[in-house]
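Trainee: Take any residue in the sequence shown, count from 1 to its spot, add 1050: that is its number in the working numbering. Take this structure first; my questions come after.
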Amino acid sequence: MDARDIANDYDALWRVMRDAKEGLVRIQVVPNPMRYILENFFAFTGNAQRFEDILQQLSAEDGTFRPLERFLNRGAHWDETNIAHIGWGQFNITYYLSKLEAVFQAVGHPEHYRLKMGLPEAQ
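This is the structure we're talking about:
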């Protein structure tokens, strides 16, 4: 049995991100697992308001992040006003991963990002 056979949903979402980093997943797929990873993490830690604050901060620092911030911050729900009209291919995987890492940095859990992405521990 492979470890992937017993992974939970949260681990499976991180697997998508690792596969995307390796070029095994189309770039258009990446925003959804990002959103679900962040929703799960912040729901589990009870920091939903902090999530919104961090996304707004990142958006203020980088205007190109604004469409992705709106997508990530709207949860799994949408309406005709908030539907994302975004060409997800406008961002590359490095950009997506840097923003995902920035969220975990801002909330004080950079080691969680590194662990889930299979990166070596920071020295």
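Ideal Cβ placement from N, Cα and C applies to all residues, glycine included. What you are looking at is a predicted structure, and each value in this text was computed from that prediction instead of being measured.
Is it true that the CB of Arg1100 sits closer than 8 Å to the CB of Phe1094?
Mentor: The sequence position of residue 1094 within the sequence shown is 44, counting from 1. The sequence position of residue 1100 within the sequence shown is 50, counting from 1. Result no, Cβ atoms of Phe1094 and Arg1100 do not sit closer than 8 Å.
Trainee: May I ask you to report which of helix, strand or coil DSSP gives Met1051?
Mentor: As a working mapping, residue 1051 is identified with position 1 in the sequence shown. Residue placement at Met1051 cannot be trusted, given a pLDDT of 47 that sits under 50; the coordinates are not used to answer.
Trainee: If I measure Cβ to Cβ from Met1051 and keep anything under 6 Å in the same chain, skipping five residues before and after, which residues do I get?
Mentor: Working through the sequence shown from its first residue, we reach residue 1051 at position 1. Note that Met1051 has pLDDT 47, beneath the 50 cutoff, so the model's placement of it is unreliable and the number below is only indicative. Counting only Cβ-Cβ distances below 6 Å, and skipping sequence neighbours, we find nothing.
Trainee: Taking the C-alpha atoms as reference points, what is the distance between Arg1085 and Arg1065?
Mentor: Along the sequence shown, read from residue 1 onward, the residue named residue 1085 stands at position 35. Along the sequence shown, read from residue 1 onward, the residue named residue 1065 stands at position 15. When rounded, the distance between both Cα atoms is 14 Å.
Trainee: With distances taken Cα to Cα, identify the nearest neighbour of Asp1103 among Ile1077, Val1080 and Asn1123.
Mentor: On the sequence shown, position 53 is the one that residue 1103 refers to. The shortest Cα separation from Asp1103 among Ile1077, Val1080 and Asn1123 belongs to Asn1123.
Trainee: Using a 10 Å radius around the Cβ and a threshold of 16 neighbouring Cβ atoms, would you call Leu1088 buried or exposed?
Mentor: Working through the sequence shown from its first residue, we reach residue 1088 at position 38. By the 10 Å Cβ count, Leu1088 comes out buried.
Trainee: Count the other CB atoms, across all protein chains shown, that sit within 10 Å of the CB of Ala1172; report buried if there are 16 or more and exposed otherwise.
Mentor: Locating residue 1172 in the sequence shown gives position 122, counting from the first residue. Its Cβ having fewer than 16 others within 10 Å, Ala1172 is exposed.
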